[in-house]
Amino acid sequence: MNTKRWLALGAAVVLLVGSIGLNTVISIFKTDFFSSFNDVMSTEQTVVETVIEPGDYGERIALLSVDGTIQDVGTSSPWTTLEYDHQNFLSQLENILYDESVKAVVLYVNSPGGGVIESADIHEKLVEIKEQRNIPIYVSMGSYAASGGYYISAPADKIFAHSETITGSIGVIMQSYNFSELANKLGIEFETIKSGEHKDMFGGTRPTTEEEKAMVQEMINESYEAFVDVIEQGRGMSEADVKKVADGRILGGSQAIEAGLVDEIGGLEDTIAAIRADYGLENAELFEYESSFGDLTSLLGVKISSLFGPSPEEQFLTKFMTSNGGPRMMYLYGEY
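Residue numbers (this note's numbering): 6 to 341.
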């Protein structure tokens, strides 16, 4: 084949490839390609289901998990995964409220508790599910389910705990740092302009007065009584019986059974087996919810946060800053 023929063949190939490319571009603009691409690259969090044990889709058991401190500090993203995502968990509960195929819930709690408001959010939604759906809720406690962790467990029909589980810690706490004495030693003077006498109370720049302590104590007492009421209603206990152990003490699993706070010793598998047997759900599908950000993480095959997320030191600093942003009432044990 001479040079002219090679040039002619080359030109034909270029024309063919160009034609294919042009048609492809035109077809892209005629379709929802860019919409699909945006879906793939989405960073908006959605809740998806993952089947753990296949079974009858018409009667399913939802496995939920509260793992970590119960605080609303934002939502997870492909770049940063929160230890506990409050809004995401509330979304899961909302799904169950309207999903008729869910016939039972197993709630795994591994938490020292957290915010008073966030704990109440979960408790109220669980009670709503029980009242509107009339389905059983069993709780499986992990290493600990203390304070707010117990608060959200109280509505359950049955509670399982390990012998070594730390639970109890029923009560409310509010803490702040007082830097005034240290500031005096360092020659630091705080200049405060305020609209009222108590505007800077619990701000850390001066000692709290007895009057202010009484104000806070009144708030604490009110939240404490609400906590006691939740246990009375959830466990069918008298106020006197609840208050025997509602002094902030922690309890092991066996002690919690004696106090009436826990029903049986066992782990997550025991809890799932029990709810199956108790409600004839031996053939029910068991599933859990997971977070998804479109198909972006699937395409990469890894969590982006593991590549570009904060270092362990940055995660610790973020957790410290979000946990200590200001004094607030907490149903919390051990990590304030």
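Just so it is clear, CB atoms sit at the ideal spot from N, CA and C, and this is done for glycine as well. Fair warning: this is a prediction, and the values are worked out from it, not measured in the lab.
For residue i: DSSP bridge partner residues
i           : result
residue 106 : None; residue 106 has no bridge partner.
residue 172 : 150, 256
residue 335 : 120, 178
residue 291 : 58, 66
residue 157 : Paired residue(s): none; residue 157 is not in a bridge.
residue 115 : 72
residue 269 : 165
For residue i, three-class secondary structure by DSSP
i           : result
residue 206 : coil
residue 65  : strand
residue 199 : coil
residue 276 : helix
residue 2   : The requested residue 2 is not part of the displayed model; the chain covers only 6 to 341.
residue 226 : helix
residue 79  : coil
residue 41  : Residue placement at residue 41 is poorly supported in this model, since its pLDDT is 49, which falls under 50; the coordinates still yield a value, given next. Residue state, collapsed to three classes: helix.
Local Cβ density within 10 Å of residue i, reported as buried at 16 or more and exposed below that
i           : result
residue 61  : exposed
residue 97  : buried
residue 201 : exposed
residue 193 : exposed
residue 279 : buried
residue 146 : buried
residue 224 : exposed
residue 254 : exposed
Pairwise C-alpha distance: residue j and residue i
i           : j           : result
residue 104 : residue 203 : 49 Å
residue 261 : residue 191 : 48 Å
residue 108 : residue 216 : 52 Å
residue 288 : residue 144 : 20 Å
residue 176 : residue 141 : 27 Å
residue 267 : residue 234 : 17 Å
residue 69  : residue 187 : 46 Å
residue 274 : residue 258 : 16 Å
Residue i CB to nearest heavy atom of the ligand ZN below 6 Å
i           : result
residue 216 : The ligand content of the structure shown is nil, which means the ligand ZN is not present either.
Fill in: the stretch 181-194 contacting the stretch 142-160, beta-carbon criterion three pairs below 8 Å
no
Worksheet item: If you pair each beta-carbon of the stretch 240-257 with each one of the stretch 127-140, do three or more pairs fall below 8 Å?
Response: no
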